[in-house]
Amino acid sequence: MLDLKFIRENPELVKTGAANKNEKCDIDLILKLDGERRDIIHKVEQLKGERNKASGEIAKKKKAGESADAEIAAMRQVGEQIAGLDNDLREVDGKLHEALTWVPNLPHESAPVGKDEAANKVVREWGEKPKQDFKVLPHWEIGEKLDLLDLPAATALSGNGFYVLKGAGAQLHRALINYMLDMHTSDGFQEFNVPHIVSGETMFGTGQLPKLADDMYRIESDDLYLIPTGEVPLTNLFKNRILELDELPVNIVAYTPCFRREAGAAGKDTRGMLRVHQFHKVELVKIVRPEDSYNELENLVAQCEKVLQGLELPYRVSELATGDLSFAAAKCYDLELWAPGVGSYLEISSVSNFESFQARRMKCRFRNADKKMEHPHTLNGSGLALARLIPAIVENYQNADGTITVPSVLRPYMKGAEKIS
RNA sequence: GGAGAGGUGGCCGAGUGGUUGAAGGCGCACGCCUGGAAAGUGUGUAUAGGCAACCCCUAUCCAGGGUUCGAAUCCCUGCCUCUCCGCCA
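Per the numbering used here, residue -17 is the first one in the first sequence, and the count goes up by one each step.
Written as structure tokens, this is what we have:
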């Protein structure tokens, strides 16, 4: 959420920022409601002040045994006026809050302006594509051949958009989780295990609600949501919290499943494991002092890249254009992995700085050096998404004889296995 | 799921209709005291909103309604916590 005062003082800036993100929100309505709200507050507070004063006098008179009937009668009138104004205020406040929840975070000035992903900028590439002078099978073919992946079984269980890993495939999945968690915790991230079902308030905190309501699974019987990313519970761990300065920065990590309805995504990257309703992810979250957040964004990208470097997988990093930024993000880097079987880059991580947008929504603050309350900046990055990592590994590490070499960093987690055959 | 108890400031804990934003204590900050420290002592110590304003005003004692001239205090609803029973990985 943006600060109302900021919107009031910079309406054009907000309009431009939202437009650059292709977001629709009614800033003029907000300004109008804000004006109405302050008018009402002004009036009602004056009346409440009067009433408070009179109340004291009534109390005094009653104690002294005098009659206060005249004052009480007068205050009854004032009370009615107050009730009326309070009602108006509640209504305006409700509308204002609703409008405010639809205002996206503004893109950072360094984010390339552009209306969609075509305007994203590749900032660097790492590693070399493996030399494979044979036809590299896409993961769904090699996965089936080596009995690692059973897509029909998943369909039978849950319908379209799920996968079943078996044998060495499932083992590889678990190895990756352990490898990643071990790396991140060694680098100072504290590990958490968190709920995968959360409340609407929690979903609001990180900005999934209201905008992404249709993209999430909702449990109607209990009015709860399945998390679309570990970011949600992990960041909201700090909902309604007041942090002391020395508690920052917060560096945390968790392994969680992610559930996404992918409504409207039919037909895009639907083969194999690439776009599914449930996948798993190791997620990193940072909560930092505002002045550090852009520096920390670079640290976080580096942390996610470290996983890929350890796995020796070629990737590229791109900076998202304003139009491709998510609702809550001010700046975002995507990590994309080359997948030779599929023949394209796969988005495997997205690392974002939300500045104070999420902190304001979830009412997380810290006491700064001047003992003043301030909203910290929140960041997160996938480190990494398993359902894209596994395809990349089985394709990049595929050998001419149809076997798959196990990346050396994973062997200790795979009982020493060097190959999957 | 059944029965009961309870939710007050950073923490503990008073308070059942009238200067209570809230006694008292702890903690914390600053000062005094001290050679230095402890003890002692004094002062201060919430957040948000209105406003040009750190003056002032308003709101906030889990949340939302209600009763009343006036609610932390009374009534209703919801949420959460604890205890006992049941169930269970």
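Cβ atoms here follow ideal geometry from the backbone N, Cα and C, with glycine treated the same way. What you are looking at is a predicted structure, and each value in this text was computed from that prediction instead of being measured.
Setting aside the 5 residues that flank it on each side, glutamate 294 is surrounded in the same chain by Gly109 and Pro389, each with a C-beta closer than 7 Å to its C-beta; the list follows chain order.
Just measuring C-alpha positions, the residue of Glu229, Leu392, Gly187 and Ile64 sitting nearest lysine 345 is Gly187.
Between the C-alpha atoms of lysine 313 and proline 89 there is a straight-line separation of about 6 Å. For glycine 141, there is no enclosing alpha helix (DSSP H), since its DSSP letter is neither H nor E. Closest option to valine 104, judged by alpha-carbon separation, among Asn362, Lys263, Leu282 and Glu301: Glu301. Setting aside the 5 residues that flank it on each side, alanine 157 is surrounded in the same chain by Leu392, Tyr395 and Met396, each with a C-beta closer than 6 Å to its C-beta; the list follows chain order. Under the 10 Å beta carbon count, proline 134 is surrounded by fewer than 16 other beta carbons and is classified as exposed.
Between the region 168 to 176 and the region 187 to 198, the count of C-beta pairs closer than 8 Å stays below three; the two stretches do not touch. In this structure, DSSP gives tryptophan 84 a state outside helix and strand, which the three-state scheme calls coil.
Under the three-state reduction of DSSP output, glutamate 337 falls in the coil class, being neither helix nor strand.
Taking the Cα of glutamate 32 as reference, the smallest distance to any Cα among Pro239, Lys117, Leu15 and Arg58 is reached at Arg58. When secondary structure is reduced to three states using DSSP, cysteine 7 falls in the coil class, being assigned neither helix nor strand. In the structure shown, valine 105 falls within a strand segment according to DSSP collapsed to helix, strand and coil. Residues Leu13 and Asp16 of the same chain have their beta carbon placed closer than 8 Å to that of arginine -10, with the five preceding and five following residues left out of the count.
Sorting Asp205, Gly66 and Glu91 by C-alpha distance to the C-alpha of methionine 185 places Asp205 at the top. Within the same chain, Pro239 and Leu368 come within 6 Å of histidine 262 by CB-CB distance, once the 5 residues on both sides are set aside. Here isoleucine 124 is buried. Its C-beta has 16 or more other C-beta atoms within 10 Å. Burial check for arginine 242: the Cβ neighbour count within 10 Å reaches 16 or more, so the residue is buried. In the DSSP assignment, leucine 130 falls outside any beta strand (DSSP E), carrying neither H nor E. Under the 8 Å Cβ criterion, the region 315 to 332 does not count as touching the region 348 to 361, having fewer than three qualifying pairs. Contact between the region -8 to 2 and the region 58 to 77 is not established, with fewer than three Cβ pairs separated by less than 8 Å. Per DSSP, the unbroken alpha helix (DSSP H) holding histidine 166 starts and ends at 150 to 168. Here glutamate 287 is buried, its C-beta having at least 16 other C-beta atoms within 10 Å.
The Cβ neighbour count for glutamine 153, taken over all protein chains shown within 10 Å, is at least 16; the residue is labelled buried.
DSSP lists Ala236 and Ser364 as the beta-bridge partner residues of glutamate 265. Remark: C-beta atoms of tyrosine 237 and isoleucine 159 approach each other more closely than 8 Å.
The continuous stretches of beta strand (DSSP E) do not include cysteine 346, and DSSP gives it neither H nor E.
Around the beta carbon of glutamate 337, 16 or more other beta carbons lie within 10 angstroms, which makes this residue buried.
Taking 8 Å as the cut-off, the Cβ atoms of alanine 0 and alanine 303 do not count as close.
The alpha-carbon of asparagine 381 is positioned some 7 Å away from that of threonine 387. For aspartate 68, the closest of Gly365, Glu229 and Lys25 by C-alpha to C-alpha distance is Lys25.
Between methionine -17 and threonine 83, the gap from beta carbon to beta carbon is short of 8 Å. Per DSSP, serine 275 is one residue of the alpha helix (DSSP H) stretching across 275 to 293. The beta-bridge partner set that DSSP reports for histidine 359 consists of Val270. Relative to the Cα of arginine 271, the nearest Cα in the group Gln28, Ala351, Leu219 and Ile209 belongs to Ala351.
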